[in-house]
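Just so we're aligned, residue -10 is where the sequence shown starts under my numbering, counting upward by one.
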Amino acid sequence: MTGTTTDVTSEVAAPRRRSGRTGPLRGLARLATSLWLPVALLAVWWLVTDTSTSPFFPPLRDILAETWNQWVVFGEWTHAVASLKNLLFGYLAGTVIGVVGGSLLWRLRQVRVAVNPLIYFLYVLPAPALLPAMIALFGIGQMRQIALIALGAIWSTLLNTLDGMRGIDVVKFDTAKALRLGGWRTYRTLVLPGAAPQITAGLRASLAVGIVLMVVSEMVAARSGIGYFILQAQAEFAILKMWTGILVLALIGTALNYLFMLAERVVLHWHVKSRALAGS
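Given below as structure tokens:
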């Protein structure tokens, strides 16, 4: 009897040990799957442009060398700092307004019905088209850039917040009433967690819009920023210098996206686990 129990225990423990050994390998395989295409594209770019003599499409090795010189040696990183500062303030302002506005519209049905056409009108209106109006209202300083980024970041967050809250099961609200939870407690413990996955999707979309508007706002009546750097290099016909600005912008956008994904996994760990269990 003891021998049988030992055999069964060893058979159960063996798959666990095997899965533990394959865990790192599985992580490496997942990493290779996500990176092979970007690495392949960079290799193709390097090989295709290696012997290029075109002033408009310089070799990738020259772009990388000039990027180091411009953004590290010559101190052009200050443009990246200025851009990130505007993006941070504008994105935070826009998303906070979006979450608060979406919550109020979810709560106040009559107001939602009244302002619904206006919201969708502003949502489909291209934010860069409002740049002249922003200059007239805020001048050509930093506030104009932050306001434009905030305006573009509002709508995706607001609409996703509203849709996420409206999609919560009515039975959960009945349960909250039976437990005699107050309005604020119901909002904090039921509504926000229930709508959090969709709110996060809106925050991510707003981040992408904010990065675009960050560059657009810096290309008109600005004195600093990545967009200003790229436009000035193009005006000076310094094409290699212009490519470095594009490369830095791509790296910053990619880094911000991955940081957002990491934060999403930490904040919504319960949602990620439940989705993984559902998939398995």
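The C-beta atom is built at its ideal place from N, Cα and C for all residues, glycine as well.
Item, Value
"Would you say the segment 123 to 141 touches the segment 199 to 213, given that touching needs at least three Cβ pairs under 8 Å?", "yes"
"With a 10 Å radius around its C-beta and 16 neighbouring C-beta atoms as the bar for buried, classify S195 as buried or exposed.", "buried"
"Once you ignore the five residues that flank A136 on each side, which residues in its own chain have a CB closer than 6 Å to its CB?", "M123 and F127"
"Using 8 Å for Cβ pairs, my map puts G234 next to F218. What's the rounded Cβ distance?", "5 Å"
"In whole angstroms, what is the alpha-carbon distance linking A184 and T67?", "38 Å"
"Measure the beta-carbon distance from A142 to G199 and round it to whole angstroms, keeping in mind my assumption that it falls under 8 Å.", "5 Å"
"For I129, does the three-state DSSP call read helix, strand or coil?", "coil"
"Taking L97 as the reference, which of L238, L120 and L151 has the closest Cα?", "L151"
"Around the Cβ of S145, are there at least 16 other Cβ atoms within 10 angstroms (buried) or fewer (exposed)?", "buried"
"Give the secondary structure of V209 by DSSP, where H, G and I count as helix, E and B as strand, and everything else as coil.", "coil"
"Determine the DSSP secondary structure at L245, reduced to helix, strand or coil.", "helix"
"Should the segment 64 to 83 be regarded as contacting the segment 173 to 184, the criterion being three or more beta carbon pairs within less than 8 Å?", "no"
"Report the CB separation of R50 from W35 in whole angstroms; it is logged as a contact under 8 Å.", "7 Å"
"Could you check how far apart the C-beta atoms of Y112 and L148 are, in whole angstroms? I think they sit under 8 Å.", "7 Å"
"Give me the residue from P47, L26 and F249 with the minimum Cα distance to K230.", "P47"
"Expressed to the nearest angstrom, what Euclidean distance is found between the alpha-carbon atoms of W60 and L236?", "11 Å"
"Please list the terminal residues of the continuous alpha helix (DSSP H) segment that includes V165.", "Before going further, note that residue 165 is Ala rather than Val in the sequence given. Taken as a continuous stretch (DSSP letters only), the alpha helix (DSSP H) holding A165 covers V159 to A167."
"DSSP three-state label for R10, please.", "Reliability of the predicted coordinates at R10 is poor, the pLDDT of 46 falling under 50, and the value obtained from them is presented with this limitation in mind. Reduced to three states, the DSSP call for R10 is helix."
"Quick one: residues in its chain with C-beta nearer than 7 Å to the C-beta of A165, no 5 flanking neighbours on either side, listed in chain order?", "T175 and L179"
"Would you kindly work out how many angstroms separate the C-alpha atoms of D39 and I52, rounded to a whole number?", "11 Å"
"Taking the C-alpha atoms as reference points, what is the distance between W57 and L238?", "14 Å"
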